[in-house]
Each structure stands twice: as structure tokens, then as C-alpha cells.
Amino acid sequence: MSGDVFVLGVGMTPWGKWGRNFAEYGVEAAREALSDAGVAWRDIQFVAGGETVRNGYPGYVAGATVAQALGWNGARVSSSYAACASGATALAAARAQILAGFCDVALVVGADTTPKGFLAPTSGERPDDPDWLRFRLLGATNPTYFALYARRRMDLYGATPSDFARVKVKNSRHGAENPRARYRKAVTDEEVLASPVVADPLHLLDICATSDGGAAVVLCSEAYARRTGAQVRVRAVSTVTPQFPNTVIEMPNFATDSAAALAPPTLSFRDSIAAAAYEEAGLGPEDLSLAEVYDLSTALELDWYENIGLCKAGEAERLARDGDTALGGRGVTVNPSGGLACFGEAVPAQALAQVCEVTWQLRGQAGARQVADARVGITANQGLFGHGSSVILSR
Amino acid sequence: MSGDVFVLGVGMTPWGKWGRNFAEYGVEAAREALSDAGVAWRDIQFVAGGETVRNGYPGYVAGATVAQALGWNGARVSSSYAACASGATALAAARAQILAGFCDVALVVGADTTPKGFLAPTSGERPDDPDWLRFRLLGATNPTYFALYARRRMDLYGATPSDFARVKVKNSRHGAENPRARYRKAVTDEEVLASPVVADPLHLLDICATSDGGAAVVLCSEAYARRTGAQVRVRAVSTVTPQFPNTVIEMPNFATDSAAALAPPTLSFRDSIAAAAYEEAGLGPEDLSLAEVYDLSTALELDWYENIGLCKAGEAERLARDGDTALGGRGVTVNPSGGLACFGEAVPAQALAQVCEVTWQLRGQAGARQVADARVGITANQGLFGHGSSVILSR
Amino acid sequence: MPKTRIPAVGSEGWFTEDGEGPALLGTRCTTCGTVFFPKAGFFCRNPDCDGSDFEEVRLSRRGTVWSYTDARYQPPPPFVSASDPYQPFAIAAVQLADENMVVLGQVASGFGLDDLRVGAEVELVVEPLFEDDESVQVIWKWKPTDGGRR
Amino acid sequence: MPKTRIPAVGSEGWFTEDGEGPALLGTRCTTCGTVFFPKAGFFCRNPDCDGSDFEEVRLSRRGTVWSYTDARYQPPPPFVSASDPYQPFAIAAVQLADENMVVLGQVASGFGLDDLRVGAEVELVVEPLFEDDESVQVIWKWKPTDGGRR
Ligand SMILES: [Zn+2]
Ligand SMILES: [Zn+2]
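Chains as they are written, first to last, in this note's numbering: chain A, 1 to 395; chain X, 1 to 395; chain V, 1 to 150; chain S, 1 to 150.
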């Protein structure tokens, strides 16, 4: 391995719901990242795209679609799909190309345009597809799974709906300072608790929306970074899969694996995602300044506090109550961007948007949402079908 | 860059039309490749899947789907889509992970199950999708494009339908000796010319079918290869995109780029695919023993002779007439496996199936279709939306 | 003419209502003993096992609630509502001790959130999921054994 | 009531039949002069150009055949056949000199393979693609200028 790779530039569209073609968001983010990096498009040697599955062929080949829209320059290209971790998988692909010596500078891009309402499987009768079956046989939407995790926190750890609401209040305050956020209004816990229950115990304001948006990252080799003065170092990109038996119920499954014959692994899948990143980086939770975690629901953000090692199991509510994870709090600031609570999901862009935020924070460019003296940041997310990712950046 | 990577094992299902779930073909091929490699599944550290877009979520996350079916082992995973080049893109991803030092041994797998008849876009009204539009506005199927290239050879170079048929006759003789081929009957040029015309000048037997199948490759680092005695070296994996303006009409486009403002590149896109591989390998056409090229049509195989440098433009018909590219001929044997003519397309598996065949040939394991003293082999293919690939292997 | 009672499309062979009562049907790898639901029948998904021979097994009819929730708004297609207007229903994730696994299911008709808590015992029943013109499509559901209302 | 004549769904704004006659409509980047068909209107796809301002242009009405073929069997949906039973039609790829690009199109009704050869001149016409209950959906086609039959 020839050292680390560096973040040379980042770019992100404002998140929203405009109904434009996904490629336009991708190009807009890419051009901002290229400009931020000071790199001409002609000089990009590898393009890694995170796919969106809702746009036919152009979405499946997002890397090529964006490369063509920027103007075919002969770069090598890849398009990756890994549900919510797609952006990180694309980042891992570009990092490996650079470290393998095939290129010095690569563009990673993800963009999506999403339909209104619940994410649902594509149409047609597809009883072979577990994602189709869970809707048909159980009526199990994404919030169903989030709510199961939330209820378990209540019955096991004494969490309350107010604890969940507190996370939304915190993130909405952060997002109010983020010009790229879609929702920029600070909300109160009364507002969260007064919003309709979608899947008990989660209210509408506990659950993230779906959005349009694009994010892009320009990565470069260490040698290239030295010439250009790039400071943000990629310390780890974890894209691990579960170990059998995976004993936590996960979208879109009907059941967990059985642990009747083989004992479960020491770490749960969600714990193992960050653990692999820490191991690769040679860092731990004690080194963090901030974390961008995948708050598909407020309660899930609390799970992540434990999964990335900010506290022991059952202690996340206390961290939130004490304001430790809020900007200016005593602990690691979580979701200074405002998180999914303020952005909404744009699946292939999301893991890259997290990397953009950490980069701005490490560079001290986050304005009113700046985490003081940010030195190390982690991202964490988890998608369908055994996809999770965690990226650690430092300056 | 830390040296080359090696092919440690290969596996392939028989091609056919059985309607099983694509993951089963992938697992079958993977298990054969692991067994051929002498590697336990537990020891695989990275899984790169080529996606199929016809199977909902499980197909989009083919890498994870196959990893789960083999039994979650915690490996890192990626799923790539690049149309017909998907398998090669997955190979490139795994190679980079190894060369970057993230793993020693990786599994690359592609599998598909395909509907009968013409490949067609997924259902629904999708006028934003160029692949939908070409069917709706032009009635332009895949054979339409193949036929345009074929007719051009006739009017420019004096090619005849018999020249095209000759390619089918050759490939059917090769495939008759391949136990994994779907069509194993040697056909005559009379039979080709008597089959119905699908898209003039191409007959049904000039055009490849769609098939079910899976192929897998186990890659390893040079150090690992030294310990295990693996002999087949990956010299190049080209996954270049076009350079603007791309002046050859390509699926699924309505028009080429305009060369009114910027002159076309020196090499056509299809020429540049193999050229990049030769450059990376430090080898040329004169070093080849065999080639596996993407014979979507018989006439297209003739184009490839020129694109990979076996002859000058307009000379491919002569090569075929002289039998140079047939087993036992004077030149580089092309498609000793029987090619798509005998297999049919199983999109995400195809580029890996080519690598499997070249590996068997270089190891001297190809039985009655063995190319004498095979030392260097190339694969070449091209898919929709600027995806092409070329892999060079040597022993 | 009475409507046919059939397993909901996609769940054929996933459960039974035979003489021994309702039960989920899984498979067990004869090599390592791992149980799969829905059925596995190709290769064993225990990464240490290369078994490919499976026997059908009835899963435990009783288990304890791992967690639970409800669906206050009608899920999008392919979900089909059993009633018009839509009526919310509860969903439980249930831990089966012998199989050491958790299985999701809707909660039996007439029971809701107030009848559930983490750790409570439930048993398997088979009930209608929805009706179409020809048939009543049935599915497994979880029913509190203590009659509900904690 | 006569049916409305409309551009085939998806091809709105791709061609015109105004006073100057039928023509394909593309865009030209005002920065570098590159022409795009179908229209580009976002960012210029010339990798050396960062233009994002475009003007609509009429493409050349005449060109020469780059290659041609036909469709002997009915293409799958979303293709809609103009006739029942299906009638094969020809397709041509046509080189436009000024724009230095090749544009595909069906060949005008009444003309077939025997009317085409590489290098032959064709001109643009607008003709029905198919009809539905309310409308005749029209599309551009290429018509041999020499009246066909080489
Ligand atoms: Zn087993
Ligand atoms: Zn321009």
C-alpha cells in the first residue's frame, strides 16, 4: 500500500425536491468539487459513480452518465450500487485505483432524484424479490424496521419519545445553519411529539424524508496532495458485510439468520462497520471531533452513538439529554450538518454528502455550524442487504 | 503499484436457459472457482459482483447477494454495473483492492438470468431514458446497431453475407468442443444463410441469443501466487470510456457526437479499448496466442479483428476466409470457446466468462479446443453507454 | 360460491395449517443443523458449511416479542389493504428460542400495540391478509398468548 | 373528428414542421459551437468547454447515408407498431456534413433497403410513427432524394 489518499475537493448541491434529472445534480456537484480541487475535468483519470436504480440505464451506469455529461474524456469509469452505502463503495473503488497506482486523481459522484412518499419497490409482480415480498406479505415499510429498533430501546433502556425528539431538535438546529440543507427551520420537541405517529413510537418528524441531491469528492494520491497542499486525509473506508449469523432483523428481511448451529459474531453487524474503520485508521472513538451518522430515524441516531463507540449500550439517551452530541456540547458532535433529518435521503449521494461535511469541518469551512478545532471525523451508515460503510478522515 | 495480480481459480456454469434465480448460477460458478483456486470461502476478503438489472434489489447488489448465499463471512463487497463490461469492471475493482494492499485474495462473480427474445428496457413510460426512447421512437433494437455496422462493412469493404456466415461456422466448430457452451452443433454457411433475416444483412444465426449463466474468477496478489504456484498473470484490465467526440453511432444513442467544433480522437472508441490494454501490458497484437472477442454478431467479430490490431481496416474478411482465426489456423485464434455465438449473452457474466476461457487456454486445460502453446490471450468487449473492456492475461 | 383460501401469493410453502396446527415451514441443513426461514434449498448459508441437503422443518409455534410497531398509514404497493378505508395493524418481531432466530409477522387481528411488550409470549396463527375476487389470501400472524391488554 | 397530429411522446421539441419545412432541432453551444442532438441544455459535453449557454439550431435537412438496415420482426415494447399485422421498416444512419455527426431515423414510408446505399443522399421528412385513439404521433424520417431504386 502506497500511503493514504487525500480529499482534494468536495461539492454538493442543495438538497430538495425539484424533479430534475439525477445527472444534472451529479454534474453540478462534480463541477463544484473539481473547482474546489483546482483540477480540470480533462485531468480526471477515474470516475466512480454511485448508482441510482430509479432512472433506467442512465442511473445504473451513473459513473458513465456523469462522465458523458461532463464530456467524454477517456477516463476509466465504474458504477457501484450498495444501497445507502453506494457513495462509500464508490469512494473505496476510487481510493483503491489511486493506491494501486493506476491514477493520481479521481472523481467520485453520487446523485439521485426520488419519488414522493415511502420508498417502494419498482412495479410489477416480483415474488422472487425479498424487497417486494416484505411490502406484500407484511406491509413492512422502511419505518417499520426503524420503529422496531426504537421500541426496543424503550423497553430495554427506558428511552422515551422525548429522547427521540431531542435528537431531531438538535439536528434541526444544526441544519438551520447549513445552506445546503433542505429543512432549515429549528423545531421544538413539542412539534416533534405533536406530529402524527407513522410507526409507533416514531412520529413523522422522527423519520427522514426522501430528497433530490448530488455530492462529489475529488480524491488524490499522497504525492499529488503534497504538491497541492491538500490537508484532509482518508484514514479508512470500511465497506464490510455481516458475519453469519446476523442476529439483528434487517431491511428487507423476514427473519434473522439462525444462531442455532453457529454462535453469533462478537460484534453486531452495525458495530463491526465502524470497528473495521477504526482498525484500518489506527484510531478510536476517543480521537473523534465529530461524526456524521445515518439518522434514518432519530432513535437510530442513538443506536449509532453506541455502534461507533461514543458510549456503551443503553447510554445514548443520557448523551443526548446532556447535550454532549450537540454543537458546543462536551462530547463528539454528531451530525453537525443537520443529518438526514435536515437533508432527507438521496441514496447514492448520501455517504458522499457525509464525507463533504466532514471535509468542510476539518478545513474549518463550516461557518456557524463549525465544530471547534475539528481534527478527526467519522461517517457511518447502513443500507439494505448487508451494506454498511464508515469513512474516517483527519487533518 | 505492487506488481501484477494473478488468476488463482476460475469457474463457470454451463450456459443455457433454465430460469433459475441468477444468484444460484453465481454461487455455482463461485464455488467452482474457489475449489479450482484451493481457497476456502472464509478466506475471501473481497467480493466484486457484476450486477444484473433484471432481478430487483438482489440483482443490483449482486456482490452482496452472492456473498450472502455463500454465507456472510464479513468480506468487503462491491457491485458494479457497466452493461456488457460489468464483469471486467468488477475484475478491475478486485484487482485494485489487491494491488492497493487491502486484501490478498478476492472473488469476482457475475451471473444473469435473461428473458426470451430481444433485450428490451424495463416496463413503464420512461421518456427520459434513452434506452426507452430508441425502442419507442425508432424501433431500434440491439440488432439494428449490429446491422448498421455489418452493412457498412459490405458497402465499404465488399464484405458479403457469406463472410459473416463463415464466422458463425468457425465459432460453432469451436463451441462444439466446449462442454459449457449452450449451442454445441457445428453449423454450415448454408444453414446460416438460410436462417431468417432479422436486421438486413444479418440472419438469425449471425446474431447471438440471450442466456442464463454464471462465471467467477478468484484473483490473488503476486506474493500469494508465488506461494500457491498460480501461473496466469493479469497483465491489463482496460475499462476506458470514449473521448469526445465519439463519431461512431452506438447503442442506445440517436446520434453521434458532433465533430464540428472539436476534431475526433485519433483512435475510435472501440480501437482505444484494446489499445489501452496493450499499453498497460506492454504487449501488442503480435504477442497474442488467442482472443476472446464480443461477437454480438458475426460481422462484429470481424470489426474486432481490426479493433484489437489483428489486421488493418478492411482486411478482416480475408483473415476469416483464410481460416487464420480458426483453431489450427495460421493466426491468432479468435473465440476458441465458441464465443457468444455458442453461449449467448448473460450480460454480467460475459466478460468474466472470457477471462475463464483465456485462463483455461493458458493453462493448457481447454481439451479439444486447446490453442497450441497458448501464452498470451486478450479479451475485448463493448457495452452500452461508453463501457468497453479488454483484459490481457499471460503465463 | 365461497372463496378459496390460499397462501398469499409469494408465501406458498412458507407455512402450514395441517393436523398439527399452524406453523411456519423452514428448512434445516442436514450437515450443520442451521435453520432457514424462508426456506433455503440451494447451498447452506453457514460460511463454514458446504452442505446442500436440507430437510423441511416446522418452526416453534411460540416465541417472545423481540420488538413491535404498527403501520399507521397504508403502505405503498405491492401492499394490498384488507379493508377500505385502510385500518392500521401491528407488526411484531418474534424471537424463537429453539431456532435462535427472530421472525417478523403481522399481529393477529383484534390485537394492537397495547397488547404487546418486549419479552411477551406470542403464538402463531394463520389469518386472512386480504381478499380478492376469487380468494382469501392468508398469511401467518403473531397472537398474544395472554389474551392481550397488559 | 380528425385526430390531432402530435410529435411522438418523448420527441417533443426534437423537430419542427414550420414555414421553413421539416427539420431536426438541436442546440449549439454558444461558447464552442458544438451541436447536440437531441438537445443539450445543461452543460456542454465538449470536455474542453465549460459553456452552459445554448441556442436552438435547425440541423441540415439533407445528408448522406452512413449505413442502413431494417427491422424484419416487430421490436418489443415500448415500440408500438403502426400496422397490424406488423410491417417491416428500414432504418438509416445519416451523416450530416455541416454538423459532422450521424443521426438515426426510420426511412420514409414506401422506401426500403433497395432504395438505399452507403453514400446516397437523403432528406428529412416528418411522417406518422403510429396512431392511437386520439392522435397521430409523428416522427422524423429519412427519404431518398433520388426517388429510390438504385
Ligand atoms: Zn449447513
Ligand atoms: Zn461548448
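Quick reminder that beta carbons are idealized off the backbone N, C-alpha and C, glycines included. Since the structure is predicted, the reported quantities are computational estimates derived from the model, not experimental observations.
7 Å Cβ cutoff, A108(S) in contact with chain X: Here residue 108(S) corresponds to residue number 108 of the fourth sequence, with the count starting at 1. For A108(S), the answer is no, since every Cβ of chain X falls outside 7 Å of its Cβ.
T418(A) in three-state terms, based on DSSP: Because chain A is modelled from 1 through 395, residue 418(A) falls outside the range shown and cannot be assessed.
Cβ neighbours of M1(X) in the same chain (closer than 7 Å, five flanking residues each side left out): Within the second sequence, residue 1(X) is the residue found at index 1, counting from 1. Note that M1(X) has pLDDT 46, beneath the 50 cutoff, so the model's placement of it is unreliable and no number is given.
Rounded separation between Q137(S) and Y149(X) - CA only: To locate residue 137(S), count along the fourth sequence from 1; it is residue 137. To locate residue 149(X), count along the second sequence from 1; it is residue 149. Rounded to whole angstroms, Q137(S) to Y149(X) spans 29 Å at the Cα level.
Residue burial classification, Q243(X) (beta-carbon count within 10 angstroms, cutoff 16): Counted from its first residue, the second sequence places residue 243(X) at position 243. Per the 10 Å Cβ criterion, buried.
Straight-line Cα distance separating E292(A) from R375(A): On the first sequence, position 375 is the one that residue 375(A) refers to. On the first sequence, position 292 is the one that residue 292(A) refers to. If you take the alpha carbons of R375(A) and E292(A), they lie about 14 Å apart.
Y152(V) (DSSP reduced to helix, strand or coil): Outside the shown range of chain V (1 to 150) lies residue 152(V), about which nothing can therefore be said.
Collapsed DSSP secondary structure at G147(V) in the structure displayed: Against the third sequence, residue 147(V) aligns to sequence position 147. Three-state DSSP puts G147(V) in coil, outside helix and strand.
Same chain, Cβ closer than 7 Å to S33(S), neighbours up to 5 away in sequence not counted: Residue numbering aside, residue 33(S) sits at position 33 when the fourth sequence is read from its first letter. Reading off the sequence shown, one finds Gly at residue 33(S), where the question assumed Ser. Counting only Cβ-Cβ distances below 7 Å, and skipping sequence neighbours, we find nothing.
G50(X) Cβ short of 6 Å to ligand 1 heavy atom set: To locate residue 50(X), count along the second sequence from 1; it is residue 50. Shortest gap from the CB of G50(X) to any heavy atom of ligand 1: 6 Å or more.
Any C-beta of chain S under 7 Å from that of N73(A): Here residue 73(A) refers to the residue found at position 73 of the first sequence. Interface residue, yes.
For ligand 2, residues whose Cβ lies under 6 Å from any non-hydrogen atom: C29(S), T31(S), C32(S), T34(S), C44(S), N46(S), C49(S), G51(S)
Where T160(A) falls, given that 16 or more other Cβ within 10 Å makes a residue buried: Position 160 of the first sequence, counted from the start, is the residue given in the question as residue 160(A). Burial is judged here by how many other beta carbons sit within 10 angstroms of a residue's own beta carbon; T160(A) has fewer than 16 and is exposed.
Residues of the segment 41 to 53 of chain A with Cβ closer than 7 Å to any Cβ of chain X, in chain order: E51, V53
W470(A) vs F343(A) beta-carbon contact at 7 Å: Within the shown structure, residues of chain A are numbered from 1 to 395, placing residue 470(A) beyond reach of any answer.
Cutoff 7 Å; reference A69(A); Cβ partners in own chain excluding five residues on either side: In the first sequence, counting from the first residue as 1, residue 69(A) sits at position 69. So the list reads A23, V27, once near-sequence residues are dropped.
First through last residue of the alpha helix (DSSP H) which encompasses I98(A): Indexing the first sequence from 1 puts residue 98(A) at position 98. Boundaries of the alpha helix (DSSP H) around I98(A): 86 to 99.
Contacting positions in the segment 188 to 214 of chain X - beta carbon closer than 7 Å to chain V: none
Segment limits, alpha helix (DSSP H) that includes T65(A): Along the first sequence, read from residue 1 onward, the residue named residue 65(A) stands at position 65. Start and end: 62 to 70.
Cross-chain neighbours of D128(X) in chain A, by beta carbon under 9 Å: For the purposes of this step, residue 128(X) is taken as the residue at position 128 of the second sequence. Here the neighbours are N21, N55, G56, P58.
Extent of the continuous beta strand (DSSP E) to which V118(S) belongs: The residue labelled residue 118(S) in the question sits at position 118 within the fourth sequence. Taken as a continuous stretch (DSSP letters only), V118(S) belongs to no beta strand (DSSP E), as it is neither H nor E.
Cβ pair K108(V), P88(V) closer than 7 Å: Translated into the one-based positions of the third sequence, residue 108(V) becomes position 108. Translated into the one-based positions of the third sequence, residue 88(V) becomes position 88. Rather than Lys, the amino acid found at residue 108(V) in this sequence is Ala. Their beta carbons are not under 7 Å apart, which means A108(V) does not touch P88(V) by this criterion.
Buried versus exposed, by CB contacts within 10 Å (16 or more), E12(S): Numbered from its first residue, the fourth sequence carries residue 12(S) at position 12. With fewer than 16 Cβ atoms within 10 Å of its Cβ, E12(S) is classed as exposed.
Per-residue DSSP class, three states only, for D50(S): Numbered from its first residue, the fourth sequence carries residue 50(S) at position 50. In the three-state scheme derived from DSSP, where H, G and I count as helix and E and B as strand, D50(S) is classed as coil.
Minimum Cβ-Cβ distance from M1(X) to chain A less than 7 Å: Walking along the second sequence from the start, residue 1(X) turns up at place 1. For M1(X), the predicted model reports a pLDDT of 46, less than 50, meaning its position is unreliable and no value from the coordinates is stated.
Proximal residues of chain X, C-beta to C-beta of L129(S) below 8 Å: As a working note, residue 129(S) is residue 129 in the fourth sequence. Within 8 Å Cβ-Cβ: L137.
Proximity winner among A236(X), Q370(X), D257(X), V237(X), relative to P245(X) (alpha-carbon distances): Position 245 of the second sequence, counting from 1, holds the residue named residue 245(X). Comparing Cα-Cα distances from P245(X) to each of A236(X), Q370(X), D257(X), V237(X), the minimum goes to D257(X).
Residue burial classification, K168(A) (beta-carbon count within 10 angstroms, cutoff 16): Along the first sequence, one-based indexing puts residue 168(A) at 168. Buried is the call here.
Buried or exposed by the 16-neighbour rule on C-beta atoms within 10 Å, applied to S211(A): Residue 211(A) sits at position 211 when you count from the first residue of the first sequence. It is buried - the Cβ of S211(A) has at least 16 other Cβ atoms within 10 Å.
Cα-Cα separation between N253(X) and T52(A), rounded to whole angstroms: The residue you call residue 253(X) lines up with position 253 of the second sequence. The residue you call residue 52(A) lines up with position 52 of the first sequence. In a straight line, the C-alpha of N253(X) is about 20 Å away from that of T52(A).
C-beta atoms of V234(X) and S289(X) nearer than 7 Å: Residue numbering aside, residue 234(X) sits at position 234 when the second sequence is read from its first letter. Residue numbering aside, residue 289(X) sits at position 289 when the second sequence is read from its first letter. Their beta carbons are not under 7 Å apart, which means V234(X) does not touch S289(X) by this criterion.
Where the alpha helix (DSSP H) through G339(X) begins and ends: Looking up residue 339(X) in the second sequence gives position 339. Element bounds for G339(X): 339 to 343.
Whether D131(X) touches P121(X) by CB criterion (7 Å): Stepping through the second sequence from its first residue, residue 131(X) is reached at position 131. Stepping through the second sequence from its first residue, residue 121(X) is reached at position 121. Taking 7 Å as the Cβ cut-off, D131(X) and P121(X) qualify as a contacting pair.
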